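Enquirer:
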Amino acid sequence: MNLHIILLSLIFLSKTQAQDGNQFPGGFRFGVATASYQVEGAWNEDGKGENIWDYLTHNNPGAIDDGFLTGKGENIWDYLTHNNPGAIDDGSNGDIACDSYHKTAEDVELLKDLDVDFYRFSISWSRILPSGHANYINREGVNYYNELIDTLIANDIRPLITMFHWDLPQPLQEIGGWPNPILADLFVDYAKVLFDEFGDRVLEWITFNEPYQICHQGYSEATKAPLYAQDGIGGYLCGHTLLLAHAKTYQLYNESYRETQQGRVGITVNAMWGEPASESEDDATAAENYIQFTFGWFFNPIYASEGDYPSVMRSQIDANSQAEGFQRSRLPSFTQEEIELLKGSSDFLGLNHYSSYECARLTTDETTPSFINDMGVSYTQPDTWEAGASFWLKVYPDGIRKLLNWIKTRYGNPEVMITENGFSYAGNEQDLQDCRRVNYYNVYLEAILAAIVEDECNVTAYTAWSFMDNYEWLRGYTQRFGLYYVDFTDDDRPRTPKMSSRVYSNIISTRAINWTYVPEGFTACDWSTE
Ligand code: NOJ
0 MNLHIILLSL IFLSKTQAQD GNQFPGGFRF GVATASYQVE GAWNEDGKGE
50 NIWDYLTHNN PGAIDDGFLT GKGENIWDYL THNNPGAIDD GSNGDIACDS
100 YHKTAEDVEL LKDLDVDFYR FSISWSRILP SGHANYINRE GVNYYNELID
150 TLIANDIRPL ITMFHWDLPQ PLQEIGGWPN PILADLFVDY AKVLFDEFGD
200 RVLEWITFNE PYQICHQGYS EATKAPLYAQ DGIGGYLCGH TLLLAHAKTY
250 QLYNESYRET QQGRVGITVN AMWGEPASES EDDATAAENY IQFTFGWFFN
300 PIYASEGDYP SVMRSQIDAN SQAEGFQRSR LPSFTQEEIE LLKGSSDFLG
350 LNHYSSYECA RLTTDETTPS FINDMGVSYT QPDTWEAGAS FWLKVYPDGI
400 RKLLNWIKTR YGNPEVMITE NGFSYAGNEQ DLQDCRRVNY YNVYLEAILA
450 AIVEDECNVT AYTAWSFMDN YEWLRGYTQR FGLYYVDFTD DDRPRTPKMS
500 SRVYSNIIST RAINWTYVPE GFTACDWSTE
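Per numbering that gives the first Met the number 0, the sequence shown starts with residue 0, numbered consecutively.
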């Protein structure tokens, strides 16, 4: 046998052995996820209001070049020339998306076929409260979600509802969006409507999906609606409002609903694992700081025993703000009462995880406010990690195991629900034999299982992103994460199972990863190339 064959047999052996005795614990739950703007469509039907993604995609603003922010203020010609059509890769929008608004029965059938324990979806704020304010409730929007919830429950699938997955009502953007602190109260008003209307049947709520993406990408980096480039300022203001909105919603649930509804309320944060780029102490600190600035930003106030923002954020942003001549820190402060309100304000830690970075210390003489300079970290991914279609998505399963252990150590092993994990393919070709996605799910689930069984991390649920191909934000329909293929050129938006949907379904029913499983109608993947 030559070396190559020995190596291939070893890979095969280790992958087939992974199934033996490796069962997910009893009670562990599996689900799939989507989000309203990405799948529902029906953007203006039945009384729904306009949200920031409707607005952005219809008005096609171009991504803002932040060159003009260095020194000079923006003028109407900057605005005009920078708002060129073409922010969205394929110029598309979510007006119809997967048309899920009209396909409740069909979609629940597919979920049943997958055998999932729960379905994570989000509610469109504008569909329930068209103006964003709770002065008027759109009954037709309520009816849509009632039907979805009831159909799920009738099929023994638990709804796991995200209250906010990025589609802020446009009228609330026009009063400043999340950097305006009043939005915390307006969000609580909206949450109250959701508890009143659906809380009798919904036992699990996620207030926010990915605050870092909402805030940093929406208000600092301009890579998500509303595409604001107030780097080092907008994101922190947004995050502050959002954390308070979350804590106040949790308090509302405790005070007025928990006893009667007996549900749970959490929040989901996205985390890339930060691996030190070298053995140096500087890079180890950089990796830790990367996690604190992107993940600890939102979870330190909730899970760390001392609460509040991570001390490294406080000290570095305070120091940079002062050096830049600001009269106060660009990172707002919580009052002692707010710190106490935030502490412990989550019944489970929602974790979205896709990939990892290698982190190194970044030093710069720049004096312009910037999140990256505040963090003082540069991060990259090695070419040796297999790449998905999304530029930030490379396969490094050790990252999730290390991250789960980091959470266990730093936050006292809280209950973690993995609320998203998945792999993207590019293009429109109907690529149903998606071996690279199957490989991704298998290796990540193996790493998660090892974290549970060997490291005793308290992980209780796993959610695949995504149930079906959908609208991938600025990437439009050019990147596909689905277990089901959706034909966006067909008015009926037919869904077709990919191989990964069958493999995932097998994992759910056997509670184990099986590398040799070949679903009917598909051919065996060649794992030696994976
Ligand atoms: C996380 C977001 O929650 C989801 O909306 C998005 O589609 C996936 N990441 C993939 O980028």
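Where a beta carbon is used, it is the ideal one built from N, C-alpha and C, also for glycine. None of these values were measured; they are calculated from a predicted model.
To the nearest angstrom, report how far apart residue 126 and residue 43 are at their CA atoms.
Expert: By one-based count along the sequence shown, residue 126 stands at place 127. By one-based count along the sequence shown, residue 43 stands at place 44. Looking at the two C-alpha atoms, the distance is approximately 9 Å.
Enquirer: Do you know whose CA, among 119, 24, 52 and 106, lies nearest residue 34's CA?
Expert: To locate residue 34, count along the sequence shown from 1; it is residue 35. Answer by Cα proximity: 119.
Enquirer: Give me the Cα-Cα distance between residue 364 and residue 232, rounded to the nearest whole angstrom.
Expert: Position 365 of the sequence shown, counting from 1, holds the residue named residue 364. Position 233 of the sequence shown, counting from 1, holds the residue named residue 232. If I take the Cα positions, the gap works out to 19 Å.
Enquirer: To the nearest angstrom, how far is it from the Cα of residue 63 to the Cα of residue 89?
Expert: Taking the sequence shown and counting its residues from 1, the one referred to as residue 63 is at position 64. Taking the sequence shown and counting its residues from 1, the one referred to as residue 89 is at position 90. Any reading at residue 63 is ruled out, since the residue's pLDDT is 25, under 50, leaving its predicted position unreliable.
Enquirer: Grab the span of the alpha helix (DSSP H) containing residue 162 for me, first residue to last.
Expert: Indexing the sequence shown from 1 puts residue 162 at position 163. It is not in any alpha helix (DSSP H) - residue 162 instead sits in the beta strand (DSSP E) that spans 157–163.
Enquirer: Could you tell me if residue 387 is buried or exposed, where buried requires 16 or more neighbouring beta carbons within 10 angstroms of its beta carbon?
Expert: Translated into the one-based positions of the sequence shown, residue 387 becomes position 388. By the neighbour-count rule (16 or more Cβ atoms within 10 Å), residue 387 is buried.
Enquirer: Measuring only the C-alpha atoms, how far is residue 450 from residue 400?
Expert: For the purposes of this step, residue 450 is taken as the residue at position 451 of the sequence shown. For the purposes of this step, residue 400 is taken as the residue at position 401 of the sequence shown. If I take the Cα positions, the gap works out to 5 Å.
Enquirer: Does the structure place the segment 146–163 close enough to the segment 198–206 that three or more beta carbon pairs sit under 8 Å?
Expert: Contact holds: three or more Cβ-Cβ distances are below 8 Å.
Enquirer: I need the DSSP call for residue 279, collapsed to helix, strand or coil.
Expert: Indexing the sequence shown from 1 puts residue 279 at position 280. Looking at residue 279 - three-state DSSP - the assignment turns out to be coil, as it is neither helix nor strand.
Enquirer: Since residue 271 is in the beta strand (DSSP E), which residue starts that stretch and which ends it?
Expert: Numbered from 1 along the sequence shown, position 272 holds the residue referred to as residue 271. That residue, residue 271, is in no beta strand (DSSP E); it is neither H nor E in DSSP.
Enquirer: Take the Cβ of residue 362 as the centre, count every other Cβ of all protein chains shown within 10 Å, and call the residue buried at 16 or more, exposed below.
Expert: Residue numbering aside, residue 362 sits at position 363 when the sequence shown is read from its first letter. When all chains shown are included, residue 362 counts as exposed.
Enquirer: What ranges does the beta strand (DSSP E) occupy inside the segment 134–199, keeping only unbroken runs of at least 3 residues that lie completely in it?
Expert: DSSP runs (the beta strand (DSSP E)) wholly in the segment 134–199: 157–163.
Enquirer: Residue 511 to residue 25, Cα distance in whole Å?
Expert: Within the sequence shown, residue 511 is the residue found at index 512, counting from 1. Within the sequence shown, residue 25 is the residue found at index 26, counting from 1. Residue 511 and residue 25: Cα-Cα distance of roughly 11 Å.
Enquirer: Can you check whether the CB of residue 479 is closer than 8 Å to the CB of residue 424?
Expert: One-based indexing of the sequence shown puts residue 424 at position 425. One-based indexing of the sequence shown puts residue 479 at position 480. It is a contact, given that the beta carbons lie within the stated cut-off.
Enquirer: Within 10 angstroms of its Cβ, does residue 522 collect 16 or more other Cβ (buried), or is it exposed?
Expert: Here residue 522 refers to the residue found at position 523 of the sequence shown. Counting Cβ neighbours within 10 Å, residue 522 comes out exposed, since fewer than 16 surround it.
Enquirer: Could you check which residue in 251, 227, 175 and 474 has the C-alpha nearest to that of residue 265?
Expert: Counting from 1 along the sequence shown, the entry for residue 265 is found at position 266. Comparing Cα positions, the closest option is 251.
Enquirer: Who are the near neighbours of residue 172 in its chain, counting only those whose CB is closer than 6 Å to its CB and skipping five residues on each side?
Expert: Walking along the sequence shown from the start, residue 172 turns up at place 173. Once the five neighbours on either side are set aside, the close Cβ partners of residue 172 are 51 and 225.
Enquirer: Could you check whether residue 466 and residue 219 sit closer than 8 Å to each other, using their CB atoms as the reference points?
Expert: In the sequence shown, counting from the first residue as 1, residue 219 sits at position 220. In the sequence shown, counting from the first residue as 1, residue 466 sits at position 467. For residue 219 and residue 466, no; Cβs fall outside 8 Å.
Enquirer: Give the secondary structure of residue 511 by DSSP, where H, G and I count as helix, E and B as strand, and everything else as coil.
Expert: Here residue 511 refers to the residue found at position 512 when the sequence shown is read from its first residue. Three-state result, residue 511: strand.
Enquirer: Less than 7 Å separating the Cβ of residue 389 from some heavy atom of the ligand NOJ?
Expert: As a working note, residue 389 is residue 390 in the sequence shown. Checking the Cβ of residue 389 against the ligand NOJ gives yes.
Enquirer: Taking the CB atoms as reference points, tell me whether residue 165 and residue 208 lie closer together than 8 Å.
Expert: Position 166 of the sequence shown, counted from the first residue, corresponds to residue 165. Position 209 of the sequence shown, counted from the first residue, corresponds to residue 208. For residue 165 and residue 208, yes; Cβs fall inside 8 Å.
Enquirer: What did DSSP end up calling residue 326 once you bin it into helix, strand or coil?
Expert: Numbered from 1 along the sequence shown, position 327 holds the residue referred to as residue 326. Coil at residue 326, not helix or strand.
Enquirer: Quick check on this structure: which residue in 28, 464 and 95 has the alpha carbon closest to the alpha carbon of residue 57?
Expert: Here residue 57 is taken as the residue at index 58 of the sequence shown, counted from 1. For residue 57, the nearest C-alpha among the options comes from 95.
Enquirer: Which class does residue 474 belong to by DSSP, given the choice of helix, strand or coil?
Expert: Position 475 of the sequence shown, counted from the start, is the residue given in the question as residue 474. Residue state, collapsed to three classes: helix.
Enquirer: Determine, using beta carbons only, whether residue 284 and residue 409 come nearer to each other than 8 Å.
Expert: Mapped onto the sequence shown, residue 284 falls at position 285. Mapped onto the sequence shown, residue 409 falls at position 410. Result no, Cβ atoms of residue 284 and residue 409 do not sit closer than 8 Å.
Enquirer: Is residue 96 a contact residue of the ligand MN, with contact defined as CB to any heavy atom under 7 Å?
Expert: Ligands displayed in this structure: the ligand NOJ; the ligand MN is not among them.
Enquirer: I'd like the list of long-range same chain contacts for residue 248, defined as Cβ closer than 6 Å, with 5 residues on each side in sequence excluded.
Expert: Numbered from 1 along the sequence shown, position 249 holds the residue referred to as residue 248. Hits under 6 Å: 187, 190 and 206.
Enquirer: Select from 487, 257 and 239 the residue whose C-alpha is nearest the C-alpha of residue 331.
Expert: Indexing the sequence shown from 1 puts residue 331 at position 332. Checked all of 487, 257 and 239; the closest Cα to residue 331 is 239.
Enquirer: How far does the alpha helix (DSSP H) with residue 237 in it reach, from first residue to last?
Expert: Looking up residue 237 in the sequence shown gives position 238. First-last of the alpha helix (DSSP H) with residue 237: 233–251.
Enquirer: Is the segment 320–334 close to the segment 342–356, with three or more CB pairs under 8 Å?
Expert: Touching, no.
Enquirer: Is residue 396 helix, strand or coil by DSSP?
Expert: Start at 1 with the first residue of the sequence shown, and residue 396 comes out as number 397. DSSP places residue 396 in coil when its eight states are reduced to three.
Enquirer: Would DSSP call residue 61 helix, strand or coil?
Expert: In the sequence shown, residue 61 corresponds to position 62, counting from 1. Confidence at residue 61 is low in this model, with a pLDDT of 44, below 50, so the placement of that residue is unreliable and no value is reported for it.
Enquirer: Starting from the Cα of residue 272, find the closest Cα among 350, 335, 234 and 520 and give me that residue.
Expert: Locating residue 272 in the sequence shown gives position 273, counting from the first residue. Checked all of 350, 335, 234 and 520; the closest Cα to residue 272 is 350.
Enquirer: Can you tell me where the alpha helix (DSSP H) holding residue 124 begins and where it ends?
Expert: As a first step, residue 124 is located in the sequence shown; it is residue number 125 there, counting from the start. First-last of the alpha helix (DSSP H) with residue 124: 124–127.
Enquirer: Is any heavy atom in the ligand NOJ found nearer than 7 Å to the beta carbon of residue 412?
Expert: Working through the sequence shown from its first residue, we reach residue 412 at position 413. Checking every heavy atom of the ligand NOJ against the Cβ of residue 412, none is found closer than 7 Å.
Enquirer: Where do the N-terminal and C-terminal ends of the beta strand (DSSP E) with residue 351 fall, by residue?
Expert: As a first step, residue 351 is located in the sequence shown; it is residue number 352 there, counting from the start. Unbroken beta strand (DSSP E) run through residue 351: 348–351.
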